[in-house]
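Some notes on the structure that comes next.
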Amino acid sequence: MKSIIALLLLLVVAIYSDNGPQFQVVDLNWKYYSMVYTSIPGTILVIDDKSVLQKSVNSGKSWNPVKTDAGTILGNANIISDGIKNENILVIHTTKVGQAINTTLSVSTDGGQTFKQTFVPYQLGGISVNPSEPKTLIAKSSANILISEDFGSTWTDVSNGRKLYKQQSIFSIYTTPEWDPKNPKSFFSILDNGVINGVATGVLSVTTDLGKTQKSLINGAVDMIYTKNYFYVAVIDSKLGNQLWVRSNFEPAQVGNTDGFLLCEFPFGDEVQINDFRILDDSAGAIYMGIQVSVDGESTTSVSGHVYISNSLGNIFTLTLKHVAVSHGLYDFMPIYGAPGAFLFNGVTNTRAAPGAPITVRSYITYDNGGRWSRLSKPSTMDCTIQKDCALNVHGLSAYLDQTRGYGPFYTIANAPGLVVATGNANPALSSSPKVDRIKTVLSTDNGQTWRKIAEYGSIYEFGAFGSTLIYASAMQDTNTVMYSFDQGVTSKSIDLPASYDIINIITNPNNNNNQFLLLVEDRDDTAKVIFVDLTPVQPRYCIQDDLMSMTLNCVLGQKKSYNVIKPGTQCTLNAAPVNTKVDICECTADDFECDIGYESPNPIDGSASNSDSSSEELKCILDPDSKYVPVDSKTCTPGQNYTIPNGFRKVAGSQCIGGVSSKYQPKTAICGSPSKLKGKGWVAAVVIIILFVGLGGFGFYVYKNPDFKQKLKKMVGLSKDTKYSVVGIKPNSLADDEFGIEDDDAQILNDNDLQEDNF
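Using mature numbering (1 follows the signal peptide of the UniProt record, and there is no 0), the letters of the sequence shown map in sequence onto residues -17 to -1, 1 to 743.
Laid out in structure tokens, this is it:
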């Protein structure tokens, strides 16, 4: 795309109205780096295509270059913020003259109001913020580890003669040190462990005194990444093969000398070579992992993968979903924010379609961490062209990332519980090349239980004022019309723009707490622009107590929560997020349990099959004849430790339910009383650690739409490069060095030829 832009940001159009919305069109190339909303209300920072740091102090209405006494601030990497209040900001500009590398660091500790510059004669990489100490940073410079306690103004080398391990790949990059989210004085690093049998090796090490001393934990470590909930380490073992080790940050295992890290075990054991695995979500007390691998003689393809779910410790995985849609490295597996344990996924129905041919998907939803999956109920105003198996199907992140489509995916925000907006159709399935007139925009106010059509076309959208405002625009073609609604799409009004634009995204501040928005667009020449839209002049009055009603959501992970939400038909503006007013603990049902590792459901949810849901009054699990998992028993347990006596079931991780059918499904535990050796199998896998919270699917879309939150996520997971929402179709950066492929020639997948031909 063309990226011609004047260095000075010229106001192209300015329209003001005392009686209507305000908007301005600004020449600003937003496509290269993410915008950061700072702690100062209305202050936004972005680096443009000329590497100039631009700042707006009026929520994006106007922009100006940021200058210091030394001149205009430049940057050629994503802006780093503390991810907590965003008071601390770091802008990096690295230059190379001959063999010399110099880095200019521009630091703000007041939310971007002022900056001070410092210079270091080396390159910094892998910078991440201490999650407990927002002014403390860790980084690498070649093989050395550096720490800053003033957000980048000064740096101290804490390597103490130890060097970081260099990954043995075509990239040959040094591994990045990562903070321990449990201890502000602790960080992990993979250190060079010398050459063993002609191969360079690394060792996972931990320090609890900011680098003064190091303790070795796991030999063979090659990569790592962490989130708030779990820490992941990829290991190559010369005898056992490739492995994944995981530590729960909330309940680390109290066994061994690995500081809570446990070796992951999968039902396929160590005999299957994995093409790729993706950590999809770990926010609800378990890890969802996408894996492209053969299961029961059925191989996944480039368009689908299987999903495995862990126990609460994160180390024991069992198959939960088959043939989940995959595109651009992302799975169509999306969380519902405000309802931990609730997810949506798209299953591919024609997994053996020819390369490049359209795929068709069906949408499923769960409210109990995958204990039960159901199809989506269609809006009453959407008719099906084929009645059999008709349901609502919605686009996931893969449709948004497809440059030929760009439909808004399934989308929720944490500050508007119950609200979901999406695009899709009502039919047995949804095609990746759909008939345009069948795509509609739909909205739910009860976490996806019921739906309402709000637009006759596919759109891109955003919530404002804690969900009391919805703004949206067509994603199907260039448009000069933007719609907004103050009653959750029941009625909408339009804003007429001066020209037609391709509206790539609509964003607002990370808290979604006001009615000021930025439209990230491209004009007919593919030149990037920003359109500032302010709905404040036309927003309804602020809500009072009489405008609200109590809404009780269905049981999610054993809890039934109630919120105060706006009454139907009422137009008012929320000035605070809906408050959780009541929590009831639910009785356990079969949906609160799942098949344990080594067991499988006789009828697992398979995205390629026509089964409508997994609901049942009784959970059935049978031994998996192909499972390689060997459970710990009285002969192999560790003396003094508890071990589980398998009965085929396990409680869904994170479920708070009590009573009910627990006595029927809950496995019993025993205390080990005799000496033994604890044995475990390795896992032959591609050494890949990719955090994708669905949608990384829906979460991925949330991150993309909220660049400030994306910066916070980057600090959590340690990504050194950006996954841009602003550039449609960009593939997320992977920490993978290689991908190990499997062939799908012998795949035997259920297909529906009728679905392939209809182009839903």
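Idealized CB from N, CA, C, for every residue including glycine.
Nearest residue (CA-CA) to residue i, options the options
| i | options | result |
| --- | --- | --- |
| Glu70 | Asn496, Pro523 and Ser22 | Ser22 |
| Val186 | Asn496, Asp506, Ala559 and Ala217 | Ala217 |
| Leu502 | Asn2, Gly3 and Val9 | Val9 |
| Leu57 | Ser42, Gln82, Lys99 and Ala83 | Lys99 |
| Tyr105 | Val90, Ser91 and Ile128 | Ile128 |
| Thr424 | Ser416, Phe449, Met466 and Ile396 | Met466 |
| Glu248 | Ala204, Ser287, Asp479 and Leu302 | Leu302 |
| Val178 | Lys149, Ile156 and Pro160 | Lys149 |
| Gly43 | Asp65, Ala53, Trp13 and Val35 | Trp13 |
| Tyr648 | Ile654, Cys655, Ile628 and Pro338 | Ile628 |
| Asp575 | Val229, Ser617, Ala204 and Asp351 | Asp351 |
| Ala340 | Asp470, Phe446, Val286 and Asp93 | Val286 |
| Thr334 | Gln275, Val229 and Val35 | Gln275 |
| Thr535 | Thr553, Lys371, Thr564 and Ala560 | Thr564 |
| Ser451 | Leu147, Gly642 and Ala560 | Ala560 |
| Gly109 | Met365, Ala126, Ala337 and Asn85 | Ala126 |
| Leu327 | Ile342, Gly312, Pro362 and Tyr271 | Tyr271 |
| Asp140 | Ser155, Ala122 and Tyr157 | Ala122 |
| Ile30 | Gln7, Thr55, Phe6 and Leu518 | Thr55 |
| Ile219 | Val182, Pro235, Ser188 and Ile208 | Val182 |
| Tyr484 | Ser124, Asn498, Thr77 and Arg507 | Arg507 |
| Val40 | Gly273, Asn492 and Ala405 | Asn492 |
| Cys367 | Pro411, Val290, Gln522 and Thr510 | Pro411 |
| Thr332 | Gly321, Pro338 and Arg345 | Arg345 |
| residue 795 | His306, Ile292, Val112 and Lys544 | Outside the modelled stretch of the chain, which goes from -17 to 743, sits residue 795, for which no answer is possible. |
Other residues of its chain near residue i: CB distance less than 7 Å, five sequence neighbours each side excluded
| i | result |
| --- | --- |
| Thr241 | Leu200 and Ile201 |
| Thr191 | Asn166, Lys168 and Ser169 |
| Thr196 | Thr190 |
| residue 748 | Any answer about residue 748 is impossible in this case: the structure gives the chain only from -17 up to 743. |
| Gly379 | Ala308, Asp315, Met317, Asn329, Pro392, Phe393, Gly678 and Gly680 |
| Lys603 | Ser584 and Pro585 |
| Thr433 | Ser360 and Ser427 |
| Thr349 | Ala325, Phe326, Arg355 and Trp356 |
| Val419 | Met459 |
| Tyr213 | Val229, Arg230, Ser231, Asn232, Asp265, Ile270 and Gly297 |
| Thr77 | Asn59, Ile84, Thr86 and Gln106 |
Outcome for residue i when other beta-carbon atoms lying within 10 angstroms are tallied against a minimum of 16
| i | result |
| --- | --- |
| Gly324 | buried |
| Tyr582 | buried |
| Tyr20 | buried |
| Ala482 | exposed |
| Met699 | Because Met699 carries a pLDDT of 33, less than 50, the predicted location of this residue cannot be relied on, and no value is offered for it. |
| Val613 | exposed |
| Lys512 | buried |
| Val504 | buried |
| Leu606 | exposed |
| Pro160 | buried |
| Ala409 | buried |
| Arg261 | buried |
| Gln82 | exposed |
| Val290 | buried |
Contact under 9 Å by Cβ, residue i with residue j
| i | j | result |
| --- | --- | --- |
| Pro392 | Asn430 | no |
| Cys640 | Cys569 | yes |
| Thr464 | Ala456 | yes |
| Ile437 | Gly472 | yes |
| Phe134 | Thr97 | no |
| Asp65 | Pro117 | yes |
| Ile422 | Tyr444 | no |
| Ile580 | Phe300 | yes |
Chain B within 9 Å of residue i, Cβ atoms only
| i | result |
| --- | --- |
| Ser39 | Annotation note: the requested chain B is absent from the structure, which comprises a single protein chain. |
Cβ neighbours of residue i in the same chain (closer than 8 Å, five flanking residues each side left out)
| i | result |
| --- | --- |
| Val562 | Tyr546 and Asn547 |
| Thr652 | Asn625, Tyr626, Thr627 and Ile628 |
Other residues of its chain near residue i: CB distance less than 6 Å, five sequence neighbours each side excluded
| i | result |
| --- | --- |
| Glu319 | The question names Glu, yet the displayed sequence has Ile at residue 319. Once the five neighbours on either side are set aside, the close Cβ partners of Ile319 are Ala325, Thr395 and Asn430. |
| residue 746 | Residue 746 is absent from the model: the chain starts at -17 and stops at 743. |
| Asn2 | none |
| Ser657 | Model confidence at Ser657 stands at a pLDDT of 48, short of 50, so the residue's coordinates are unreliable and nothing is read from them. |
Any non-hydrogen atom of the ligand SAM within 8 Å of residue i CB
| i | result |
| --- | --- |
| Ile84 | As presented, the structure is devoid of all ligands, the ligand SAM included, so that no description of it is given. |
- [ ] Enumerate, from N- to C-terminal direction, the unbroken beta strand (DSSP E) stretches of 3 or more residues contained entirely within the region 20 to 96.
- [x] 27 to 30, 36 to 39, 72 to 80 and 83 to 91
### Segments of 3+ residues assigned as beta strand (DSSP E) that fall wholly inside the region 318 to 401
326 to 331, 343 to 349 and 374 to 377
### Task
Please list the segments of the beta strand (DSSP E) lying wholly inside the region 503 to 542, counting only runs of 3 or more residues, in order along the chain.
Those beta strand (DSSP E) runs which fall completely within the region 503 to 542 and span 3+ residues are 511 to 517 and 531 to 535.
Margin query: Suppose only complete runs of 3+ residues qualify. What are the beta strand (DSSP E) ranges in the region 452 to 485, listed by chain order?
Written below: The qualifying runs are 452 to 457 and 462 to 468.
Subject >> 3 or more residues per run - each beta strand (DSSP E) lying fully within the region 130 to 201 >> reply: 170 to 179 and 182 to 190
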